Amino acid sequence: MSETRDLFTLLGQSADAGAVAAMERLITDAPDHRLCRINPLAFAVANGLDEEATIAAFLHATRIGMFDIAWNVLCPGCGGVLDSNATLKTMQKDEYVCSLCASAYSPTLDEMVDVTFTVSPRVRRIAAHNPDDLPVDEYYRQMYWGSGVDVPDEGYQQLFDEFVLDHVELGAGEKGVLSIQQPAEFLIIFEPVTHSAQFIDVKGEPSRERQTLSLSFDREHGQHQTLEMRPGPLRITLENRTEGRVLPTVFIAGETLHCLLGRRRPFLTAKRLLSNQTFRDLYRTDTLDVDQRLKITSLTFLFTDLRGSTELYERVGDLAAFDLVKAHFQVLHEIVASEAGAVVKTIGDAVMATFPTPDRAVAAALRMRDAMCDLNNRNGREDLLLKIGVHEGPCIAVTLNERQDYFGSTVNIASRVQGLANSQSIFATAAVIDDGKTMDLLKSKALTPKSHIASLRGIDREVPIYAIP
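For this note's numbering, add 39 to where a residue sits in the sequence shown, where the first one is 1.
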């Protein structure tokens with residue numbers, strides 16, 4: 040216990056005090072299931088905390104060993120965890136199959152990978168540290184469904200019993216039998232460890248004769264052809280051909296199950312975390328494998344550059360110019376981080392930053408422009424003239440020069456748009472300006488972007504560009 044108190048004291052030196060206090064209450068008082076795969080966004084809402092401060096607190100706590108981080112590949116349909124990784128480096132598949140939804144998905148870092156935090160055994164041991172010991176209902180709650188499925192605390196057992204006809208636990212190599220009375224419903228025999236599913240369409244006249252079905256579970260055959268059966272008695276013979284425990288469960292695929300799977304809440308995506316400044320600072324070289332190429336369907340890029348920086352060094356001298364440029368970098372870093380973004384890299388006097396949404400990038404750009412005006416006013420002259428360009432679109436997350444970086448035409452366009460900008464106007468593409476939240480932001484500030492068509496170097500088509508005055 041004294042070691043845990045020391046960890047909280049250490050965490051308090053780098054993390055938000057409110058978040059640290061809420062974490063201490065959670066670890067001290069919460070039931071086990073709430074300490075497994077914690078959704079930091081839901082945690083922030085429940086405790087009235089700022090999301091960014093909460094994410095940063097969990098990252099700092101993980102860095103000092105209080106939590107273990109997990110990168111979970113989710114099924115977009117049912118919200119189930121198709122794969123769980125301690126690091127993105129082990130997420131190597133080109134396709135993930137959900138047998139419950141009978142669908143295959145190419146993984147993206149947007150809405151298919153959630154990032155969760157589980158308390159470390161050194162801080163508090165919970166049942167989920169040994170998932171093979173969890174009862175079937177808790178295995179689904181704590182290990183199968185991702186943090187984006189809002190599984191209720193109150194009444195969960197009753198809800199589970201409403202859509203589960205029966206289940207059985209089979210150890211490695213064991214065989215078992217389930218005997219059920221089939222209702223006239225669509226049934227799914229689902230096994231959450233191997234992600235195996237057998238669909239049964241039960242319809243027609245009830246049968247008094249017992250029907251039979253044999254199923255085996257291994258790591259290779261997850262999906263079986265849909266069977267048609269009649270209502271009535273069914274004997275299911277089951278065999279576990281894996282080296283671990285399996286949990287065959289008979290679901291009624293009705294309204295209760297669909298309502299549970301429809302209960303969704305925001306979760307921390309891998310895309311958002313990769314665009315978080317605290318994460319980049321703490322995990323600078325430990326994100327992606329050098330050969331990985333992970334897709335992001337939408338990310339917003341902001342590029343800045345100082346206009347006339349060469350003349351600045353000539354005009355005020357190297358030392359004074361260096362101090363000015365350093366001050367400008369510090370301001371930009373602070374603004375990017377406060378708008379949920381991250382600085383990817385600096386190149387000379389230029390900055391490349393990413394944001395999870397276009398409106399946060401535009402908000403940062405407007406604040407950057409105002410901040411440069413303030414710096415110039417304090418210095419009594421316009422030494423810092425900032426050119427800003429913003430673009431949004433798909434890209435690929437990669438590792439370049441031992442740093443997590445991004446590649447693709449979206450990055451190239453964003454850089455070219457910045458090259459067109461002047462120090463009075465922020466330049467952005469239609470993808471940014473047409474975003475609903477961006478429109479609301481600009482309207483609230485009484486700013487009306489002016490459009491024109493521009494040719495961008497290396498881009499074989501003309502691009503609509505908007506100047507934000």
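Every residue gets a Cβ at the ideal spot worked out from N, C-alpha and C, and that includes glycine. Treat the numbers as computed from the prediction; the structure is a model and nothing was measured.
Taking arginine 161 as the centre and dropping the five residues before and after it, the same chain places the C-beta of Gly104 closer than 7 Å to its C-beta, in chain order.
Glycine 210 counts as exposed, since fewer than 16 other C-beta atoms from the protein chains shown sit within 10 angstroms of its C-beta. In this structure, the alpha-carbon of alanine 381 lies about 54 Å from that of isoleucine 275. Within the stretch 181–223, the runs of beta strand (DSSP E) that reach at least 3 residues and sit entirely inside it are, in chain order, 203–206, 214–221.
When only Cα atoms are considered, alanine 404 and glycine 283 end up about 53 Å apart.
Contact between leucine 423 and histidine 367 is confirmed by a C-beta separation of about 5 Å, below the 8 Å threshold. By the CB criterion at 8 Å, arginine 455 and glycine 387 fall outside the cutoff. Only exposed fits phenylalanine 361, as fewer than 16 other CB atoms lie within 10 angstroms of its CB. Per DSSP, tyrosine 178 is one residue of the alpha helix (DSSP H) stretching across 175–178.
Residue Ala223 holds the alpha-carbon nearest to the alpha-carbon of leucine 273 among Glu259, Lys310, Ala223.
For leucine 252, the closest C-alpha among the options Glu244, Leu217, Ser235 is that of Leu217. Excluding sequence positions up to five before and after asparagine 86, its CB lies within less than 7 Å of the CB of Ala61, all in the same chain and listed in chain order. With 16 or more other CB atoms across the displayed protein chains lying within 10 angstroms of its CB, glutamate 378 is buried. Counting C-beta atoms within 10 angstroms of its own C-beta, glutamine 181 has 16 or more neighbours from the protein chains shown and is therefore classed as buried. Each residue's CA atom was taken as its position, placing serine 142 and valine 120 some 14 Å apart.
Between the stretch 124–138 and the stretch 108–115 there are three or more C-beta pairs closer than 8 Å, enough to call the two in contact. Leaving aside the five residues that flank histidine 491 on each side, the residues in its chain whose CB is nearer than 7 Å to its CB run, in chain order, Ile504.
Here DSSP, grouped into helix, strand and coil, assigns methionine 268 to strand. Annotated three-state conformation of arginine 102 is helix, per DSSP. Note that the stretch 396–412 does not touch the stretch 283–299; fewer than 3 beta-carbon pairs, one per stretch, sit closer than 8 Å.
The C-beta separation of threonine 326 from glutamine 443 comes to about 4 Å, placing the pair in contact by the 8 Å criterion.
Contact annotation: the stretch 41–56 does not touch the stretch 332–339, with fewer than three C-beta pairs closer than 8 Å. Between cysteine 114 and tyrosine 144, the C-beta gap is smaller than 8 Å, which places the two residues in contact. The closest CA to that of arginine 302, considering only Gly187, Arg323, Glu244, is found on Gly187. Between arginine 500 and isoleucine 94, the alpha-carbon positions lie close to 40 Å from each other.
Per DSSP, reduced to three states, the secondary structure at isoleucine 427 is strand. For glutamine 221, the number of other beta carbons within 10 angstroms of its own is at least 16, and it is reported as buried.
With three or more CB-CB distances shorter than 8 Å, the stretch 148–162 counts as touching the stretch 295–311.
Burial check for serine 138: the Cβ neighbour count within 10 Å reaches 16 or more, so the residue is buried.
As a beta-bridge residue in DSSP terms, valine 158 pairs with Phe106.
Note that the C-beta distance between glycine 447 and cysteine 434 is below 8 Å. Taken through DSSP and simplified to helix, strand or coil, cysteine 140 comes out as coil. In the three-state reduction of the DSSP assignment, lysine 128 falls in the helix class. Separation of arginine 269 and lysine 242 (C-alpha to C-alpha, rounded to the nearest whole angstrom) is 5 Å. Contact annotation: leucine 204 and isoleucine 227 have beta-carbon atoms that are not nearer than 8 Å. Within the DSSP bridge table, the entry for phenylalanine 394 names Thr339 as partners.
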